[in-house]
Amino acid sequence: MSTSPEYATFHFHALHHADQPLLLPNAWDVPSALALAGAGYAAIGTTSLGIAAAQGCPDGQGRPEVRDATLALARRLAGRLPCPYTVDIEGGFGGDIGQVRDLVGELADVGAAGLNLEDGLPGGQGLQDPVRQAELISAVKERAPSLFLNARVDTHWLEDAPPPLSVTLSRAESYLAAGADGIFVPGVTADEDVSVLAAEVPAPLNILFAPGRHTVSRLAELGVRRISTGSLLFRTALQATLAAADAIRTAQRPADAAGREVMGYEEVQRLVAGEE
1 MSTSPEYATF HFHALHHADQ PLLLPNAWDV PSALALAGAG YAAIGTTSLG IAAAQGCPDG
61 QGRPEVRDAT LALARRLAGR LPCPYTVDIE GGFGGDIGQV RDLVGELADV GAAGLNLEDG
121 LPGGQGLQDP VRQAELISAV KERAPSLFLN ARVDTHWLED APPPLSVTLS RAESYLAAGA
181 DGIFVPGVTA DEDVSVLAAE VPAPLNILFA PGRHTVSRLA ELGVRRISTG SLLFRTALQA
241 TLAAADAIRT AQRPADAAGR EVMGYEEVQR LVAGEE
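Position 77 of the sequence shown, counting from 1, maps to 77 under UniProt numbering, and the rest follow consecutively.
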């Protein structure tokens, strides 16, 4: 059973202020989103890498076909999830402020509860001018004020030698002043850096989960309010596909990493058909 767009948006905002941080798994298509929602996660995000890769495109290039696929997935998820969903739109897919504003309006109209908007330039060509990014955030919030706008600061994602945290905090302050509802700083892994960001950012802080470096409980202790899996689940699924194919080639029976049987054909059919 789906939730109304109005309730989903209100609930999604509230999840960032709950007793425990929001653990946000990122889906790349309808079945992955339905399966994650069915597993009881409070909200679902999308992964730009997963969507771009499914189109045969690299991530973060601002490709129009990835924009179209992202919007198409948001439309397909509308009314099908029992929880809110938020959409990663990279930096706006290379559009000008008016085009990004229109895209966000379409996402709001189909029922998305939030969006990620990054300040990294397409193709890894550095960072967007923070003044221009603040103008973009302001325009987006004007068009869809109820959506939770998670402003991604790519100072630690694109740079081989990240700048001081003061640079990240300055960008975060500018984006929050423009209307952002939360700040996302992917690439930060050290406890001391996470702790400083959580203490200094006056809004919910989102951290990208780093396997082997993070645990949900520790990030909660440090003050993180949202933990995203990013492309991790998609990459894990891709690796599992290779492992299953190799198991067939070597005459073993495919099973997941925990030794359980793989999801059956009819189970997938029921999942996408919305049957119990």
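C-beta atoms are modelled at their ideal positions from N, C-alpha and C, and glycine is treated no differently.
- Annotation for V201: A172, I183 place their beta carbon closer than 6 Å to its own, counting only its chain and skipping 5 residues before and after.
- One alpha carbon belongs to G114, the other to L81, and they sit about 14 Å apart.
- The alpha helix (DSSP H) runs lying completely inside the stretch 11 to 75 and spanning 4 residues or more are 30 to 38, 48 to 54, given in chain order.
- The residue among D102, A112, N116, A18 with its C-alpha nearest the C-alpha of T47 is N116.
- G179 sits in coil when the DSSP states are folded into three classes, being neither helix nor strand.
- Counting along the chain, no alpha helix (DSSP H) covers G114; the unbroken beta strand (DSSP E) around it starts and ends at 114 to 118.
- Residue burial annotation: I227 is buried, with at least 16 other C-beta atoms found within 10 angstroms of its C-beta.
- Here DSSP, grouped into helix, strand and coil, assigns L121 to coil.
- The beta carbons of G60 and G123 sit about 7 Å from each other, so the pair counts as a contact at 8 Å.
- The shortest C-alpha to C-alpha distance from L197 to any of F234, T155, V268 is the one to T155.
- Between I89 and L136, the beta carbon gap of about 11 Å keeps them out of contact (Cβ cut-off 8 Å).
- Taking all protein chains shown into account, P64 has fewer than 16 neighbouring C-beta atoms within 10 Å of its C-beta and is therefore exposed.
- Y85 sits close to A43, with the two beta carbons spaced by under 9 Å.
- Scanning L24, L49, L73, I51 for the CA closest to the CA of Y41 turns up L24.
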